[in-house]
Structures are given as C-alpha cells and as structure tokens.
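2 protein chains.
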Amino acid sequence: VSDFKEVGETIKKSKRVLLTSHENPDGDAIGSMLGLGLGLESLGKEVFLYNKDGVPSHLEFLPGSDRVRSALDSIPGVFDSTLIVDCTDVGRVGEGFQDELGSGRFGTSIIIDHHQTRKPSADLHLLVPDASATGEIVYFLLRCLSVELTKDVATNLFAAILSDTGSFQYSNTTPQALRVAAELVELGASPAEISQAIYENEPLRKIRLLALSIETLEVAEDGRIASLVVAKDMLDRTGASRADTEGFVNIPRSIKGVEVALVFRQEGDALWKVSLRSKGKVNVASLAENFGGGGHERAAGCTLSGELGDVKRRLYSKIKEALCWKA
Amino acid sequence: VSDFKEVGETIKKSKRVLLTSHENPDGDAIGSMLGLGLGLESLGKEVFLYNKDGVPSHLEFLPGSDRVRSALDSIPGVFDSTLIVDCTDVGRVGEGFQDELGSGRFGTSIIIDHHQTRKPSADLHLLVPDASATGEIVYFLLRCLSVELTKDVATNLFAAILSDTGSFQYSNTTPQALRVAAELVELGASPAEISQAIYENEPLRKIRLLALSIETLEVAEDGRIASLVVAKDMLDRTGASRADTEGFVNIPRSIKGVEVALVFRQEGDALWKVSLRSKGKVNVASLAENFGGGGHERAAGCTLSGELGDVKRRLYSKIKEALCWKA
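Just so you know, the sequences run in chain order A and B. Using my numbering, the letters of the first sequence map in sequence onto residues -18 to 308. Using my numbering, the letters of the second sequence map in sequence onto residues -18 to 308.
Set out below in structure tokens:
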C-alpha cells in the first residue's frame, strides 16, 4: 500500500506543510516529526508542527520541540499536505482531527510509519515495516529529497531510533538501524547527551513511587512469574501520576529465571490495569486477549476488575497453563 | 607504543596460544577473549582460555564460556604466545601471573586493549584508545588475520561492545562502534538475545537489596545531589553480596536535575565505599582524589571512614564547592 514516488513528489510540490503524530507521543513520534520538519524547512517549506499532547518533558531537549503546538486552532490557514508520522490510524492524532481531514484544509494526507496496518487511512502512504523506527524511514526520505542533514535533524532521528529500539536492545535492531545510527552520529548526534536526556530525566516522585512499589515484589511459580503492585494510595502518597509507572515492569523482568513479568496498577477500588512482559516463552498478547486486552507477543496489557488477589489468581492460572507447554 | 605488524605476525606463527584478561571480568573482557579465542581456533591454533575469576554468571551464555579455566595449574605445557585482552596491567590478571610471565612458559606476551597506558608491560602491544571496546579491536584483528567470523565469534564481540558502551549510550559510542555492531548483527549476533542475557539476569536477592536501599533515597542541594545507602544489615537480611550493588547508582542518577549521584556502601562499622557518578558538570575523579580515590570524570569511587552522617558531610561539602562554579 506504499506510494513511495507519489509521496516524494507530493512533498516536493507542497509549500505549506503540517506535521503531526499520535497522541501520548513517544521518542519516535516526536523525533521523527521534528527531524522531518526541520529537514523540510531547509528545503524552504513553511512547516507547522502539531501534537495533541505536546512534547513530553523528557523530550523537550530535542531541537525544534518548542515549535510543537498542542492546539490545532492556533495554527491558521490551509496546508498543501499533512504528514502523519509514526501513526497508521488518523483517529489517534486527536479528537476531531479525522473528521477535519476531509475538509480540504489539510491538503493531501500522507502517513509515514513502520507499523503494519491493513487499513491505511490517508491519501498516500509510506509504510516500511522493516524499519526499526519511523525515524529510520525519515532518514531515507530526507536523503531522497536531497536534504542536507544537520546536527539538529540527526539528533532528532537518533533519538527516534534509540527510543524505538530500546537503546539497540530490541529485536528490531537491524544492521541497517545500526548503520543509520552511525551516520547520524557522524552528522553530529551525541549518543551520550541524547541517552542522558531521555533516560536520566525521571521526576523524583517517580523514584519515590518505585521505592513503594518495589516493596510489593512477589515471585511465583518457581521464580518464573514476578510482579509489582502500584496501589492508588502509593500515587497519593508520592504525588506521582499513572504515567510515572512507565518502565516499572522492567524491574521484575530483570530477574534471572523470570519468564513473565507483571505490574498491577490500581485504576479504581476494584479495577486493575495489568502490564505484561514476556522473555519469549509465553505469548502475552494472546494471554491478555483472554481478558479483553492485547498487544505484542512480548509486551501486552489488559484491565481486570475484582480484588487484587482474585485478579492475580485468574491471570496466574492462565500464565501457568502457557508455561506448562514450555521447557 | 603499538606494534600492529609484529602482533599479527607473532600470532600467525604461534601454534599454542593462551588467552587471558583482567580479574573480576566484565563483558568486554570475556567477550573479546572468547571472540578472539574462537577466531584463532578456526585458524587451527590450539587455544587455552584463563581467567582468575572465571566467567560471571550473566556471561555464561556466551559461546565458548565453558572453556574458560580459573586455575592456571590446570592448563599444562608451554605457549608460543600469551594474549592479554582488555587489560593494560599484567598485575591485574591474577596473583603470580606477572612473576611467571618471565619464566618462558608463556612465550611472547601481547597486550590488546583500548585503554590508555603509559607503561605497557608486555613484550608486544596492540593499543587502540579510539576503539569503543577491546571487542572492536579484536574484530579488526581477526579481519586482518583473514578469519571468517562465525555467529559465535560475532555474538561474543557484540556482547563486548554492548557492555563497554553501556548499550550504545556512553560517549565512546562512535560511528565505527555502531558500524562494527551492524556487521556483527549481519553475521548472526542477536541484539535482543544478548541484551536479555546480560541485562535481565539479576539474582532475586539483588532486587530485594535494591528494595531496601531505595528507601534511603535522599536528595540534597536543591535536587542536584542524590544518594542511596547500602548498609551491612541490608546485605545480611537479603543474602546479597557487595557485587550485587552494581548499577544501584543509576537509580539516583536517573533523576531529573541530579548532577552528582552517590551510593554509600558500608564495608565496616565505620567504613564506607562510595560510588560517584556525574552527569558532566562535576569532575568526580578529582573529587574522589581528595579522599584517596579516583576514576574517570563521570564515574569514580573512594573509601571514607567515619559515621555515615559525617562521611556524607565531608563529601557533600566538596561537591557543593564544585557545583558553585557551574551554571
């Protein structure tokens, strides 16, 4: 469903361009949007950047991040094209955006993404599922458009690839992802500065929350299941938000012998959002589907209602079943 | 002080080769030793591997690790050459090794390392300070020797580079380090499997120790200093060892605004080993030198005696002084 040639030509012809990405944006969403935006500006285009939720604080160091607006209303006029990066579903850009897309204001809509999709929803598509990150696609797109890559562009694209490969640790870390990263470092991206900005900028309240949550560490099934709990009163006591629990599941996952790691986050008195991670033996996506959730084979989530002990029992019994069939 | 040509020729002529590295070995020490050893074997050489402390458990997955012996006595005969990797000081190979080196049993001694040194202590030297890891030097050395790199060799060398660049996050992450990593993945190294084996194999007791230690989190100087304490009774209660505190300093370091992170580890009733990490504004090596310690600009250590409160006061006052001169 990709239209490589048309995408390039449509961008070349566009004078006024809007760039956006999915809500609750991550490093790849922001990094690839900013990298592409700065690159297109150097071609003389008038570039506008929009993300419904703005730029998360740990990504504010990225060059150009101050240009991102979180209200579409504040961006006037019509656009020749609208580039939606790292997002196959225009419904995830933000409320109302999808309806407005057809209004003519946004020109030709173009989705640029490395995620697989069966029903792309824009006018044109640049989909490269083999790419480690959307940032990697943007790198090649800018090269195709003969954009000279500056240090600022390189920094954004390196941050995008670093984020989506989990610092080159996930299975999407291809030779090409590493080679593009090498080029970006040559162009001025600093791995140390970018990693520090992204990974060493946690709010203190998050570490205080972790201190409370880590006390709940529990291992079960001969050490093959490990879990943490984040109860509502922990959020209250530390002033932390639900978003601050991101990454907590890496603590139980880091333990030797653990196959499935879980975090139980209390959403209501008897409502629990569960994050699941697998080291490979158990498909946690299909496990989560039993409870109306979903995700990927190694990272999934679902929401269960009931008392914590009961919620655990129901989940653990499914995990035990899955582990039975594995050496 | 490097003798590139002679090193290559001496290795080519050698039939029986001993490989070793520094005590308390890390991923680069073991990975580059195993990668080089397996590579030389494919050239028909008889290869023996020695490390005084053996292979740490999180590196036992590396191909060839079962071949490493921790007693020199168990390896009979004489060697044509002895390759000491990731170690500029033969005194760090293990007690007695240095004295025996001159005995003739070890043949030509060759140091292969990426660390700087002023007084290399072997017969020949292959020192490349620009290399991210000794594993990167071994990659080029094997290429020079026309060794065909197998998946097992690639896995060892990728693990070496991954370890010494902190998963491509430290400032030694050069374009060349990333390009060599790309080649190694092409040759069969799996970033996901290697990262999981190295970073997700923590003993449970270590996480239990972290749970106790993280409660002691303290921030000072407007959030610019953060510290953890590991008291002796925490080790007793969890059955953890001193080595299990490795990486704890990353927790206070991960906090936004923190410039200097510290871990105080109790070595005796009134004796504290201090790990210091800087995000760049403070040179912790010179700071540690005030107390008889040392290290690098961003990672250093020292040992102080006294009550914890007193030890903290002495250190913090020096850090405050250093921070005064920084924006």
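No residue lacks a Cβ here, since even glycine has one placed at the ideal position from N, Cα and C.
### Query
Helix, strand or coil: how does DSSP classify residue 283/A here?
strand
### Task
Kindly give me the distance between the Cβ atoms of residue 107/A and residue 93/A, rounded to whole angstroms, as I take these residues to be in contact under 8 Å.
5 Å
### For residue 152/A and residue 64/A, the rounded distance between their alpha carbons
27 Å
### Message
For chain B, check one thing: does any of its Cβ atoms lie closer than 8 Å to the Cβ of residue 120/A?
### Response
no
### Task
Taking only the alpha-carbon atoms, compute the straight-line gap between residue 189/B and residue -15/A and give it to the nearest angstrom.
52 Å
### Message
Counting C-beta neighbours from all protein chains within 10 Å, is the total for residue 114/A 16 or more, i.e. buried, or is it exposed?
### Response
buried
### Task
Specify the secondary structure class of residue 148/A as computed by DSSP and reduced to three states.
coil
### Query
Closest to residue 146/A by CA distance: which of 167/A, 127/A, 133/A, 116/A is it?
Per the C-alpha coordinates, the member of 167/A, 127/A, 133/A, 116/A positioned closest to residue 146/A is 116/A.
### Query
DSSP puts residue 316/A in a beta bridge; with which residues?
Chain A is shown only over -18 to 308; residue 316/A falls outside these bounds and no answer can be derived.
### Query
Residues in its own chain within less than 8 Å of residue 17/B by CB, not counting five upstream and five downstream?
0, 64, 66, 93, 119, 122, 123
### For residue 223/B, three-class secondary structure by DSSP
Helix at residue 223/B.
### Query
Using a C-beta cutoff of 8 Å, does residue 86/B count as contacting chain A?
no
### Message
Helix, strand or coil for residue 95/A? Go by DSSP, reduced to three states.
### Response
Coil at residue 95/A, not helix or strand.
### Query
Which one of 185/B, 215/B, 200/B has the shortest CA to CA distance from residue 236/A?
Of the listed residues, the one whose Cα sits closest to residue 236/A is 185/B.
### Message
Determine whether the beta carbon atoms of residue 31/B and residue 56/B lie at a separation below 8 Å.
### Response
yes
### Task
Look up residue 242/A in the DSSP assignment and give the residues it is bridged to.
207/A, 258/A
### Query
Counting Cβ pairs closer than 8 Å, one from the segment 272 to 286 of chain B and one from the segment 192 to 210 of chain B, do we hit at least three?
no
### Message
Could you tell me the alpha carbon to alpha carbon distance between residue 320/B and residue 261/A, rounded to whole angstroms?
### Response
In the structure as shown, chain B begins at -18 and stops at 308. Residue 320/B is therefore absent and cannot be evaluated.
### Beta-carbon spacing of residue -12/A, residue 11/A below 8 Å
no
### For residue 66/A, the first and last residue of its enclosing beta strand (DSSP E)
Here the beta strand (DSSP E) through residue 66/A covers 62 to 66.
### Query
Quick one: does residue 192/A have its CB under 8 Å from some CB of chain B?
At least one C-beta of chain B is nearer than 8 Å to the C-beta of residue 192/A.
### Query
CB-CB under 6 Å to residue 225/A, same chain, minus the five flanking residues each way: which ones, in chain order?
187, 190
#### Entry: Alpha carbon of residue 105/A to alpha carbon of residue 201/A, nearest angstrom
49 Å
### Task
Compare the C-alpha of residue 129/A against each of 253/A, 21/A, 76/A, 269/A and name the closest.
21/A
### Message
Does residue 3/A pass the burial test, meaning 16 or more other C-beta atoms within 10 Å, or should it be called exposed?
### Response
buried
### Query
Out of curiosity, what's the CA-to-CA distance linking residue 74/A and residue 51/A?
11 Å
### Query
With DSSP run on the structure shown, which of helix, strand or coil describes residue 86/B?
In the structure shown, the three-state DSSP call for residue 86/B is coil.
### Query
Do you know whose CA, among 160/A, 143/A, 95/A, -5/A, lies nearest residue 164/B's CA?
Nearest C-alpha to residue 164/B: 160/A.
### Message
Which residue marks the beginning of the beta strand (DSSP E) containing residue 268/A, and which one marks its end?
### Response
It is not in any beta strand (DSSP E) - residue 268/A instead sits in the alpha helix (DSSP H) that spans 265 to 270.
### Message
So, for residue 238/B: in the same chain, excluding its five sequence neighbours on each side, which residues have a beta-carbon less than 7 Å away from its beta-carbon?
### Response
204, 205
### Message
Given a cut-off of 8 Å on the beta-carbon distance, is the pair residue 112/B and residue 71/B in contact?
### Response
no
### Task
For residue 141/B, name the three-state secondary structure that DSSP assigns.
helix
### Coil, strand or helix - residue 252/A by DSSP
strand
### Query
Quick one: what's got a C-beta closer than 8 Å to residue 156/B's C-beta in the same chain, skipping five residues either side?
Counting only Cβ-Cβ distances below 8 Å, and skipping sequence neighbours, we find nothing.
### Query
Interface residues of chain B around residue 162/A at Cβ under 8 Å?
149, 159
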